[in-house]
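Per this note's numbering, the very first residue in the sequence shown carries number 10; after that it's consecutive.
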Amino acid sequence: MLDHNPPFAPAALPPGPVSKREFAEERLRKALVTCEVLPGEIVAEQSLMTRFGLDRAGVRAGLFKLEAAGFVEALPRHGWRARPITGATAGEVIAARRTLEPDLAGVAGADVARVADLAELGAALGRRAEPNAREAAATADRQLLDALASRLGPLRRRWLGEAWDHTERLARTLARSGAVIEIADRRPLAAAIAAHDAAAARRQILKAVAGFERSVLAALAAHDGAISPPPSPSGRRKGAASAQTATTTKGASAWSPSRDV
10 MLDHNPPFAP
20 AALPPGPVSK
30 REFAEERLRK
40 ALVTCEVLPG
50 EIVAEQSLMT
60 RFGLDRAGVR
70 AGLFKLEAAG
80 FVEALPRHGW
90 RARPITGATA
100 GEVIAARRTL
110 EPDLAGVAGA
120 DVARVADLAE
130 LGAALGRRAE
140 PNAREAAATA
150 DRQLLDALAS
160 RLGPLRRRWL
170 GEAWDHTERL
180 ARTLARSGAV
190 IEIADRRPLA
200 AAIAAHDAAA
210 ARRQILKAVA
220 GFERSVLAAL
230 AAHDGAISPP
240 PSPSGRRKGA
250 ASAQTATTTK
260 GASAWSPSRD
270 V
């Protein structure tokens, strides 16, 4: 069944004091990945504390970790900016997936039944017309990939998790503009995993990455490098808003969605 609260999603209430920093990092990561904080948006630590119910130490530690992961960047005297989506961003995400995901083809001990169930669920959701069906299909796809990655070592699991988080952020950003990003039919992959056919599984994995790449390139080409920074929220300092305009217009390839899409 589809789990809307995977292990990486934060709980409804913060955990105990020992893990407050981890909770803050995961909550901020979720906000960036799901575009609660939009690409190109400038935020202050205080506003994040208020918005997500976090303490200052947790917010600061989380932002430094997320900066290292490529989700935000510090702007001296203005706060933090969620990194904008660029053609270079898309290229890096796709290259990372193309490099790392083939390792999933040869995993031993995969939960074949769960992989097959999630593949069927994703395919069924992908055919539905309801507004939330594609998001649910993408969730099923991520859970399938996580199930395969769970058999890898911790380093590769972490690298793949980062690549998939950036994939989701990229897809959600483009979808806000009306782009349709391809979600792979994973049933052939599930069949290859069940048959222990690593070569066929690898072909299906690379086929899915290629389909995602085609969708993303088509979406970026449709925008032709246009920049649409998010509107300044009420109460933002005028200087920060000016800094946002200056930094997002620095490169013609930067692109951010409008909140109204």
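Where a beta carbon is used, it is the ideal one built from N, C-alpha and C, also for glycine.
Can you give the Cα-Cα distance for residue 231 and residue 173, rounded to whole angstroms? Start at 1 with the first residue of the sequence shown, and residue 231 comes out as number 222. Start at 1 with the first residue of the sequence shown, and residue 173 comes out as number 164. Approximately 24 Å, taken between the alpha carbons.
Work out the CA separation of residue 149 and residue 4 for me, nearest whole Å. Outside the displayed range of the chain (10 to 270) lies residue 4, so it cannot be described from this structure.
What are the start and end residues of the beta strand (DSSP E) that includes residue 84? One-based indexing of the sequence shown puts residue 84 at position 75. From DSSP, the beta strand (DSSP E) with residue 84 extends over 81-84.
Have a look at residue 114 and residue 200 and give me their C-alpha separation to the nearest angstrom. As a first step, residue 114 is located in the sequence shown; it is residue number 105 there, counting from the start. As a first step, residue 200 is located in the sequence shown; it is residue number 191 there, counting from the start. Straight-line Cα distance between these residues: approximately 11 Å.
Residues sharing a beta bridge with residue 91, DSSP: As a position in the sequence shown, residue 91 is number 82, starting the count at 1. DSSP lists 81 as partners of residue 91.
Please give me, in chain order, every unbroken run of the alpha helix (DSSP H) with length at least 4 that falls completely inside the region 125-188. With a minimum length of 4 residues, the continuous alpha helix (DSSP H) runs that stay inside the region 125-188 are 142-158 and 163-184.
Which of helix, strand or coil DSSP assigns to residue 262: Here residue 262 refers to the residue found at position 253 when the sequence shown is read from its first residue. At residue 262, the pLDDT of 48 sits below 50, so the modelled position is not reliable and the matter cannot be decided from this model.
Taking 8 Å as the threshold (C-beta atoms), are residue 42 and residue 177 in contact? Here residue 177 is taken as the residue at index 168 of the sequence shown, counted from 1. Here residue 42 is taken as the residue at index 33 of the sequence shown, counted from 1. Yes, the Cβ-Cβ distance between residue 177 and residue 42 is below 8 Å.
According to DSSP, is residue 192 helix, strand or coil? Working through the sequence shown from its first residue, we reach residue 192 at position 183. Residue 192: coil per DSSP, three-state reduction.
Buried or exposed, going by whether 16 or more other CB atoms sit within 10 Å of the CB of residue 183? Mapped onto the sequence shown, residue 183 falls at position 174. Burial call: buried.
Go ahead and pull the three-state DSSP assignment for residue 28. As a first step, residue 28 must be located in the sequence shown, where it is residue number 19. If DSSP states are grouped into helix, strand and coil, residue 28 belongs with the helices.
Based on Cα-Cα distance, which residue from 82, 32 and 110 lies nearest to residue 61? For this step, residue 61 is matched to residue 52 along the sequence shown. Here the closest residue by C-alpha is 32.
If we ignore side chains and look at the alpha-carbon of each, how far apart do residue 142 and residue 223 end up? Along the sequence shown, read from residue 1 onward, the residue named residue 142 stands at position 133. Along the sequence shown, read from residue 1 onward, the residue named residue 223 stands at position 214. Answer to the nearest angstrom: the Cα atoms are 21 Å apart.
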